[in-house]
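**Student:** Questions regarding the structure given below will be posed in turn.
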Amino acid sequence: MRARCRSFGKDYNLVTQNVKKSFDVELLESFCSLRLRKGVADVTEGQIIAEIKALLAKVKNDDLPGIKALFDKELVMDLVETDVDARILAYFQKFKQVVLEHDLEDIFSGDDGEKEKCKQLVSCLAHPVLKVDAKTAVWWTDKAAAKNVQKFYTLVFDNAVAHERHFQQNKRMRMTAMVKDKSNASSASAKSGRAAETAAAHPKKQGRSNFGKKFTAPKNDRKVENLVADRKTDRKPFTNKEPSSPCSKCQKIHWLSDCPKASDAVKVALRLKLREASKARCCTSSFTPLPGPSSPQRRCRVS
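Its first residue numbered 0, the sequence shown is counted upward by one per residue in numbering that gives the first Met the number 0.
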């Protein structure tokens, strides 16, 4: 102030005002009598300034708030800000503002105060990845940043810039992939549309190799169709042979299946009897006696 007054040619005493005169008269009397226990005339300006500084250095109402809860509530990083430099600087500025508003300068003074500042700044970092990297660096790789706010600011800023660069690169890669997928999908749809139009304009013609060929059903299908047709017309298989013996029902020369006097049940029963008689004759003709003086045993030998 004195230098400015000299440079502009002004009188310092006329420009400045006495500390006592800047006070409200009643407030000054109360302050001097209650705080300094002296009269206004006996108090110097230096005593008043020293007492005011002591009041400002104390915690408000001598009530120390919960430090962690206080900073968790009021110290918040603005992640909406896209400029990393402005975002980190505003975060540290907000920390200083909280300290001043709650009269915490005395707590964060000295070497221990620097450590506490860095501790609170780490704990309130909003981005989770940035917070983990800062904690790891402070505990293991850059322990000096845990004792100095300026070094800690540089550490946080460098990590934030690296994270932002990585985020922007991934964002550009995702956008490129999305544009590529959209272009591929549009080209595929265009190709399918052109193919459909071509097929509609030029229908597929029958090949020359198949032209003039008559369609024939498979062999198995023809057999089934013939069998069904035979059953529908009740045709009997044609044969030129006559039976060697007369019918067992009417004793006439014809097959049992052609006998007009025998019903279907009778025909079935007669066939069973004829088969059993034929089997019995075969078994009887296959028995041959085995030579032996005393044993008349007979064994069945298949001829």
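By construction, the Cβ of each residue, glycine as well, lies at the ideal position given by its N, Cα and C atoms.
(1) What is the DSSP secondary structure of Gly-38, reduced to helix, strand or coil?
(2) Tell me which same chain residues have a C-beta within less than 8 Å of the C-beta of Ala-184, skipping the five on either side of it?
(3) Can you tell me which of the three DSSP states Val-75 falls into?
(4) Check each candidate in Gln-149, Tyr-90, Leu-99 and name the one with the smallest Cα separation from Cys-123.
(5) Which same chain residues end up closer than 7 Å to Glu-28 when comparing Cβ atoms and leaving out the 5 residues on each side of it in sequence?
(6) Look up Lys-251 in the DSSP assignment and say whether it is helix, strand or coil.
(7) DSSP three-state label for Pro-242, please.
(8) Just the C-alpha distance for Asp-157 and Lys-179, rounded to the nearest angstrom, thanks.
(9) Please determine, among Val-18, Lys-67, Trp-139, the residue with the shortest C-alpha to C-alpha distance to Ala-49.
(10) Take the Cβ of Asp-249 as the centre, count every other Cβ of all protein chains shown within 10 Å, and call the residue buried at 16 or more, exposed below.
(11) Roughly how many angstroms lie between the CA atoms of Val-75 and Glu-115, to the nearest whole one?
(12) Going by C-alpha to C-alpha distance, which of Arg-270, Asp-84, Ser-256, Lys-190 sits closest to Ala-161?
(13) Which value, in whole angstroms, describes the spacing of the CA atoms of Gln-16 and His-126?
(14) In or out: Arg-36 buried (at least 16 other Cβ within 10 Å) or exposed?
(15) Which one of Gly-112, Gln-119, Lys-52 has the shortest CA to CA distance from Lys-93?
(16) Between Lys-260 and Pro-245, what straight-line distance do the alpha-carbon atoms span, to the nearest angstrom?
(17) For Ile-87, count neighbouring Cβ atoms within 10 angstroms of its own Cβ and tell me buried if that reaches 16, exposed if not.
(18) Just to confirm the assignment, what range does the alpha helix (DSSP H) spanning Asn-147 have?
(19) Hey, out of Asp-41, Asp-102, Thr-43, whose CA is closest to Ile-66's CA?
(20) Out of curiosity, what's the CA-to-CA distance linking Lys-146 and Asp-111?
(21) By Cβ distance, which residues of its chain are closer than 8 Å to Val-137, with the 5 residues on each side in sequence left out?
(22) Among Phe-70, Glu-80, Ile-51, which has the Cα closest to the Cα of Phe-22?
(23) Going by the CB atoms, is the gap between Val-79 and Glu-113 shorter than 8 Å?
(24) Within 10 Å of its beta-carbon, does Asp-132 have 16 or more other beta-carbons around it, so buried, or fewer, so exposed?
(25) In whole angstroms, what separates the C-alpha of Leu-129 from that of Trp-139?
(26) Between Leu-271 and Leu-255, how many whole angstroms is the CB-CB distance? I'm expecting something under 8 Å.
(27) Measure the CB-CB distance between Leu-273 and Ser-247 and report whether it falls below 8 Å.
(28) Starting from the Cα of Val-14, find the closest Cα among Lys-134, Gly-45, Asp-263, Arg-1 and give me that residue.
(29) Going by C-alpha distance, which of Leu-54, Asp-263, Lys-20 is nearest Glu-44?
(30) Here's the rule: buried if 16 or more other CB atoms are within 10 angstroms of the residue's CB, otherwise exposed. What is Cys-31?
**Tutor:** From the atom records:
(1) Position 39 of the sequence shown, counting from 1, holds the residue named residue 38. If DSSP states are grouped into helix, strand and coil, Gly-38 belongs with coil.
(2) On the sequence shown, residue 184 is found 185 positions in, with the first residue counted as 1. Counting only Cβ-Cβ distances below 8 Å, and skipping sequence neighbours, we find nothing.
(3) If you number the sequence shown from 1, residue 75 lands on position 76. In the structure shown, Val-75 sits in coil (DSSP, three-state: anything other than H, G, I, E or B).
(4) By one-based count along the sequence shown, residue 123 stands at place 124. Cys-123 has its Cα closest to that of Tyr-90, out of Gln-149, Tyr-90, Leu-99.
(5) As a position in the sequence shown, residue 28 is number 29, starting the count at 1. Once the five neighbours on either side are set aside, the close Cβ partners of Glu-28 are Val-39.
(6) One-based indexing of the sequence shown puts residue 251 at position 252. Lys-251 falls in the coil class under three-state DSSP.
(7) Position 243 of the sequence shown, counted from the first residue, corresponds to residue 242. If DSSP states are grouped into helix, strand and coil, Pro-242 belongs with coil.
(8) Here residue 157 is taken as the residue at index 158 of the sequence shown, counted from 1. Here residue 179 is taken as the residue at index 180 of the sequence shown, counted from 1. The straight-line gap from Cα to Cα measures roughly 33 Å.
(9) Here residue 49 corresponds to residue number 50 of the sequence shown, with the count starting at 1. Measuring from the Cα of Ala-49, the nearest candidate turns out to be Val-18.
(10) Position 250 of the sequence shown, counted from the first residue, corresponds to residue 249. According to the sequence provided, residue 249 is Cys. The question's Asp does not apply to it. That one is exposed.
(11) Taking the first residue of the sequence shown as 1, we reach residue 75 at position 76. Taking the first residue of the sequence shown as 1, we reach residue 115 at position 116. If I take the Cα positions, the gap works out to 17 Å.
(12) As a position in the sequence shown, residue 161 is number 162, starting the count at 1. Answer by Cα proximity: Asp-84.
(13) Here residue 16 refers to the residue found at position 17 of the sequence shown. Here residue 126 refers to the residue found at position 127 of the sequence shown. Looking at the two C-alpha atoms, the distance is approximately 50 Å.
(14) As a working mapping, residue 36 is identified with position 37 in the sequence shown. It counts as exposed.
(15) Position 94 of the sequence shown, counted from the first residue, corresponds to residue 93. Closest by alpha carbon: Gln-119.
(16) To locate residue 260, count along the sequence shown from 1; it is residue 261. To locate residue 245, count along the sequence shown from 1; it is residue 246. Their backbone Cα atoms lie some 14 Å apart in a straight line.
(17) If you number the sequence shown from 1, residue 87 lands on position 88. Result: buried.
(18) Within the sequence shown, residue 147 is the residue found at index 148, counting from 1. Element bounds for Asn-147: n/a, residue is neither H nor E.
(19) Residue mapping note: residue 66 aligns to position 67 of the sequence shown, counting from 1. Residue Asp-102 is the option with its Cα nearest to Ile-66.
(20) As a working note, residue 146 is residue 147 in the sequence shown. As a working note, residue 111 is residue 112 in the sequence shown. C-alpha separation (whole angstroms): 8 Å.
(21) In the sequence shown, the residue the question calls residue 137 occupies position 138. Excluding positions up to five away in sequence, the list reads Cys-117, Val-121, Ala-144, Ala-145, Phe-151, Leu-154.
(22) Residue numbering aside, residue 22 sits at position 23 when the sequence shown is read from its first letter. Ranking Phe-70, Glu-80, Ile-51 by Cα distance to Phe-22 puts Ile-51 first.
(23) In the sequence shown, residue 113 corresponds to position 114, counting from 1. In the sequence shown, residue 79 corresponds to position 80, counting from 1. For Glu-113 and Val-79, no; Cβs fall outside 8 Å.
(24) As a working note, residue 132 is residue 133 in the sequence shown. Asp-132 should be labelled buried.
(25) Working through the sequence shown from its first residue, we reach residue 129 at position 130. Working through the sequence shown from its first residue, we reach residue 139 at position 140. Answer to the nearest angstrom: the Cα atoms are 15 Å apart.
(26) Counted from its first residue, the sequence shown places residue 271 at position 272. Counted from its first residue, the sequence shown places residue 255 at position 256. Not confirmed; about 12 Å, so no contact.
(27) To locate residue 273, count along the sequence shown from 1; it is residue 274. To locate residue 247, count along the sequence shown from 1; it is residue 248. Yes, these two residues count as a Cβ contact at 8 Å.
(28) In the sequence shown, the residue the question calls residue 14 occupies position 15. Comparing Cα positions, the closest option is Arg-1.
(29) One-based indexing of the sequence shown puts residue 44 at position 45. Nearest of Leu-54, Asp-263, Lys-20 to Glu-44, Cα basis: Lys-20.
(30) Locating residue 31 in the sequence shown gives position 32, where the first residue counts as 1. It counts as buried.
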